[in-house]
Amino acid sequence: MKLTPKSATLLVLLVLILLSPVLFPSGYYYRVGALIFVNAIAVTGIVILTGYAGQISLGHAGFAGIGAYACALAPVHLGLHPSLALALGAIISGVIAFLVGRPILRLKGYYLGVATLGFGILVSMVLNNERQLTGGPDGMEVPDLGLRGLLKDAGLDLTNGQFWYWFCGLALILGAWLALNLYNSPTGRALRALHGSEVAARTVGIDVARLKLRAFVISAVYASVSGSLLALQNKFITPDVAGFMHSIEMVTMAVLGGVGSILGAIFGAAVLTLLPQVLTVFAEYEQLVLGLVMMLVMIFLPQGLLPSILRKIRGKGE
Amino acid sequence: MAELLQFLFSGVTVGAVYALVALGFTIIYNASDVVNFAQGEFVMLGGMLTFVCHAAGLPLPLAALIAIVVTSAIGVAMNKLAIEPARGAPVVSLIIITIGASIFIRGGAQLLFGKQIHSFPAFSGDTPLRIGGATILPQSLWVIGGAVVVFVGLWLFFTRTLTGRAVLATSNNRLAAQLVGINTGFVMTLSFALSAGIGALAGVLATPITLTSYDVGLAFALKGFAAAMLGGMGNPKGALAGGFLLGLLEALTAGYLSSQYKDAAAFVVILLVLFFMPQGLFGRKSTERV
């Protein structure tokens, strides 16, 4: 039986998520794994925006910030359950992306870059400055999701790290499944067409503006959910989640791993999340190494890490 | 009135620094279509290297000269090692390469110079000059003068010298420039040297006012990028105007509205300008060729 690329991707993901814990030397690695999944969800959104539709965003951390602070603020001020707060954050992010995206997606290349950058900086500035609401740069606490307690009552006793590992892993599978479905849908095909050539796409009757906007909104929702999960997992959040460097991190993870495919981008998320963990011994050299890795991969493996590795393996097989 | 004048003074000073950074962006963009996010690190290197040389006992002018020359060399090295090998890569890859370079330089500076905040003495003393009830530091005049001199120098270079016109030709059409015998590789090297040197000069001039540390580069890069886009990427006049406009906007917002949101004003205006003029204030209309 030959697997379609979609089921193959999902199968690989599922196997990796299920089997990785076998190799974990300590409970700490569940936390690292959960962190990888959270980043991978945001990066899946970037694949839809940049990999499918060919648009750039240097401000997606702004949406992660909205998702994160929705989980921190809505339970306190609106009395919402944290899970509903996550949904509320996703809706707000989607609506904001819709409103902001309409005018700025007319821009191209670097101009789109600076416009999205501006948006991200505005969000992070509001989070930093509205002290009475957000606690300013010191951050604020986030209520417990409460699901782990429920599972415990039902007889499934997981450590905090384990719970978040499985929960975020599940969320990632769901997110990847939706993104893969999108890829093969009429919308996905149209997005890839406009990536190839906007003029050609318009000529065959594709509503370019509307489709770009759709990709932007979907990717914003992914970023928002990722921010929410990060906040709920850490039970604490600072405005750094919406900072410029976080936006860059998302794009870098996706492009480094291979923005053309979900699996590649997730691989990039894993590499860049693990890198600082590996480098903690050489903390002073962390930035130096990170910068070097970014440059070297982009120069020598412009298609991204995973596609280049796969090509090498296949090349040998033939 | 004196209050407004005071805000204008500080706005023009900051604006001059942004204009210098934006000019650096413009030169590299014209020569290679790359937006160099490491531009802010050149500003940091200019200030930081001047401090190190000055602290080692060299006279200030010599220290500044060394800083500018060394930074230019770093710019050239960056072009040779990171930009040229990636020629033709998509915009996203180029953004990641230059941001990688900026993180690399920042990490290196942190290792070599530590995390302290540094400064060195102002060129003409610290006694503020009084003009119309407001005060301005002599160093501010140095910064503003620096921006104007660099702009005029660049204008003369691009319009009156053969080498400058070769750079312009390369930015218009690389292949055609090659066909008429222009050494486009040299143009790239020259542009990176020039751009890094101008960035370093901005750092040398501004450090007595703004102070410097290993991590100041990112803020300069973002503001300079914004200023260049505001004016219309690739246009030196736009870079100058965008820089001063951004500085003034910030100073006026800080003075009359809220100092916390001074950076917000700049980006709100940029978003508005781009909504209505997608090519920036002075940008030329471009059409996609199919």
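First to last, the protein sequences are chains U and S.
Just so you know, we're using the UniProt record's numbering here: the first sequence kicks off at 1 and counts up by one.
Just so you know, we're using the UniProt record's numbering here: the second sequence kicks off at 1 and counts up by one.
All C-beta atoms, glycine included, are put in the ideal place defined by N, C-alpha and C.
Here the structure is a predicted model, which is why all the values come from computation and not from measurement.
The ligand ZN heavy atom lying under 7 Å from the CB of I91(U): In the structure shown, the ligand ZN is absent, as is every other ligand, since no ligand is present at all.
Under 8 Å between C-beta atoms of I105(S) and A38(S): What you label residue 105(S) is simply residue 105 of the second sequence in a count that begins at 1. What you label residue 38(S) is simply residue 38 of the second sequence in a count that begins at 1. Note that the C-beta distance between I105(S) and A38(S) is below 8 Å.
C-beta neighbour in chain S for T252(U), strict 8 Å: As a first step, residue 252(U) is located in the first sequence; it is residue number 252 there, counting from the start. Contact with chain S is found for T252(U), since one of that chain's Cβ atoms lies less than 8 Å from the residue's Cβ.
Short CB-CB distance (under 8 Å) between N129(U) and chain S: Taking the first sequence and counting its residues from 1, the one referred to as residue 129(U) is at position 129. Yes, N129(U) counts as interfacial toward chain S.
Residue of T9(U), A223(U), P143(U) and F216(U) minimising C-alpha distance to L78(U): The residue labelled residue 78(U) in the question sits at position 78 within the first sequence. Ranking T9(U), A223(U), P143(U) and F216(U) by Cα distance to L78(U) puts P143(U) first.
Closer than 9 Å at the beta carbon, the chain S residues around E284(U): On the first sequence, position 284 is the one that residue 284(U) refers to. Those within 9 Å of E284(U) in chain S are G107, Q110 and L111.
Amino acids of chain U, ordered along the chain, whose beta-carbon sits closer than 8 Å to that of L222(S): As a position in the second sequence, residue 222(S) is number 222, starting the count at 1. For the C-beta of L222(S), the chain U residues within less than 8 Å are, from N- to C-terminus, L117, I121 and F244.
Neighbour-count burial assignment, Y222(U), 16 or more Cβ in a 10 Å radius: Translated into the one-based positions of the first sequence, residue 222(U) becomes position 222. Burial call: buried.
Contact belief for L279(U) with G108(S) at Cβ below 8 Å, rounded distance in angstroms: Counting from 1 along the first sequence, the entry for residue 279(U) is found at position 279. Counting from 1 along the second sequence, the entry for residue 108(S) is found at position 108. Wrong, their Cβ atoms sit about 15 Å apart, outside the cutoff.
Rounded separation between L20(S) and G243(S) - CA only: For the purposes of this step, residue 20(S) is taken as residue 20 along the second sequence, with counting starting at 1. For the purposes of this step, residue 243(S) is taken as residue 243 along the second sequence, with counting starting at 1. Roughly 8 Å between the two C-alpha positions.
Start and end residues, alpha helix (DSSP H) containing R210(U): In the first sequence, the residue the question calls residue 210(U) occupies position 210. Counting along the chain, the alpha helix (DSSP H) containing R210(U) begins and ends at V208 to N234.
Per DSSP, the bridge partner or partners of E141(U): Along the first sequence, one-based indexing puts residue 141(U) at 141. Per DSSP, the beta bridge partners of E141(U) are F236(U).
Simplified DSSP state of A56(S), which is helix, strand or coil: Counting from one through the second sequence, the residue named residue 56(S) turns up at place 56. Secondary structure of A56(S) (DSSP, three-state): coil.
Entirely enclosed alpha helix (DSSP H) segments - the region 238–300 of chain U, minimum 4 residues: Listed in chain order, the complete alpha helix (DSSP H) runs (minimum 4 residues) inside the region 238–300 of chain U are 244–257, 262–279 and 286–300.
The region 117–131 of chain S contacting the region 40–60 of chain S, beta-carbon criterion three pairs below 8 Å: With the cut-off at 8 Å, the region 117–131 of chain S and the region 40–60 of chain S touch.
Beta-bridge partners of H60(U), as assigned by DSSP: As a working mapping, residue 60(U) is identified with position 60 in the first sequence. Listed as beta-bridge partners of H60(U) by DSSP are no residues whatsoever.
Closer than 8 Å to chain U by CB, I144(S): The count along the second sequence starts at 1 and reaches residue 144(S) at position 144. Interface with chain U (8 Å Cβ-Cβ cutoff): I144(S) is excluded.
Contacting residues, own chain, Cβ-Cβ under 8 Å from G291(U) (five flanking each side not counted): Working through the first sequence from its first residue, we reach residue 291(U) at position 291. Residues of the same chain with a CB within less than 8 Å of the CB of G291(U), apart from the 5 flanking positions on each side, do not exist.
Any chain S beta carbon closer than 8 Å to V255(U): Indexing the first sequence from 1 puts residue 255(U) at position 255. For V255(U), the answer is yes, since a Cβ of chain S falls inside 8 Å of its Cβ.
Which listed residue (S213(S), G132(S), S32(S) and G46(S)) has its alpha carbon closest to that of A2(S): The residue you call residue 2(S) lines up with position 2 of the second sequence. Taking A2(S) as reference, the option from S213(S), G132(S), S32(S) and G46(S) with the minimal CA-CA separation is G132(S).
Chain-ordered neighbours of Y256(S) on chain U, where CB pairs are closer than 7 Å: Here the question's residue 256(S) lines up with position 256 in the second sequence. What Y256(S) touches in chain U: nothing, since even the nearest Cβ is about 17 Å away.
Reduced DSSP category for I117(S) - H, G, I as helix; E, B as strand; rest coil: Here residue 117(S) corresponds to residue number 117 of the second sequence, with the count starting at 1. Coil at I117(S), not helix or strand.
Residue-chain proximity (T50(U), chain S), Cβ-Cβ < 8 Å: Numbered from 1 along the first sequence, position 50 holds the residue referred to as residue 50(U). For T50(U), the closest Cβ of chain S is nearer than 8 Å.
Minimum C-alpha distance to R165(S) - residue among S10(S), Y18(S), Q6(S) and I27(S): Taking the first residue of the second sequence as position 1, residue 165(S) is located at position 165. Of the candidates S10(S), Y18(S), Q6(S) and I27(S), I27(S) places its Cα closest to the Cα of R165(S).
A154(U) - partner residues in DSSP beta bridges: Taking the first residue of the first sequence as position 1, residue 154(U) is located at position 154. DSSP output for A154(U) lists no bridge partner at all.
At least 3 beta-carbon pairs within less than 8 Å: the region 48–61 of chain U vs the region 89–103 of chain S: They touch, by the three-pair rule.
Residues sharing a beta bridge with A134(S), DSSP: Indexing the second sequence from 1 puts residue 134(S) at position 134. According to DSSP, A134(S) shares a beta bridge with I131(S).
Test: R311(U) CB closer than 8 Å to a CB of chain S: Stepping through the first sequence from its first residue, residue 311(U) is reached at position 311. False, the Cβ-Cβ gap to chain S never drops below 8 Å.
DSSP three-state assignment for T212(S), whether helix, strand or coil: As a working note, residue 212(S) is residue 212 in the second sequence. Under the three-state reduction of DSSP, T212(S) is assigned to strand.
Local Cβ density within 10 Å of F300(U), reported as buried at 16 or more and exposed below that: If you number the first sequence from 1, residue 300(U) lands on position 300. For F300(U), the number of other beta carbons within 10 angstroms of its own is below 16, and it is reported as exposed.
Helix, strand or coil at E318(U) according to DSSP, with G and I counted as helix: Within the first sequence, the letter at position 318 stands for residue 318(U). Residue confidence is low: E318(U) scores 41 on pLDDT, short of 50, so the model does not pin down where it sits. No coordinate-derived value is stated.
Min CB distance residue 358(S) to chain U below 8 Å: No statement about residue 358(S) is possible, as the shown extent of chain S runs from 1 to 290 and does not include it.
Cβ neighbours of A82(S) in the same chain (closer than 6 Å, five flanking residues each side left out): Taking the first residue of the second sequence as 1, we reach residue 82(S) at position 82. Take A82(S), set aside five residues on each side of it, and the residues of its chain with a beta-carbon closer than 6 Å to its own are I97 and A101, in chain order.
Residue environment, R214(U), which counts as buried when at least 16 other CB atoms sit within 10 Å: On the first sequence, position 214 is the one that residue 214(U) refers to. That one is buried.
DSSP state of S124(U) mapped onto helix, strand, coil: Residue mapping note: residue 124(U) aligns to position 124 of the first sequence, counting from 1. S124(U) falls in the helix class under three-state DSSP.
Closer than 8 Å to chain U by CB, V290(S): Counting from one through the second sequence, the residue named residue 290(S) turns up at place 290. Because the pLDDT of V290(S) is 49, which lies under 50, any placement of that residue in the model is unreliable, and the number read from its coordinates should be weighed accordingly. For V290(S), at least one C-beta of chain U is nearer than 8 Å to its own C-beta.
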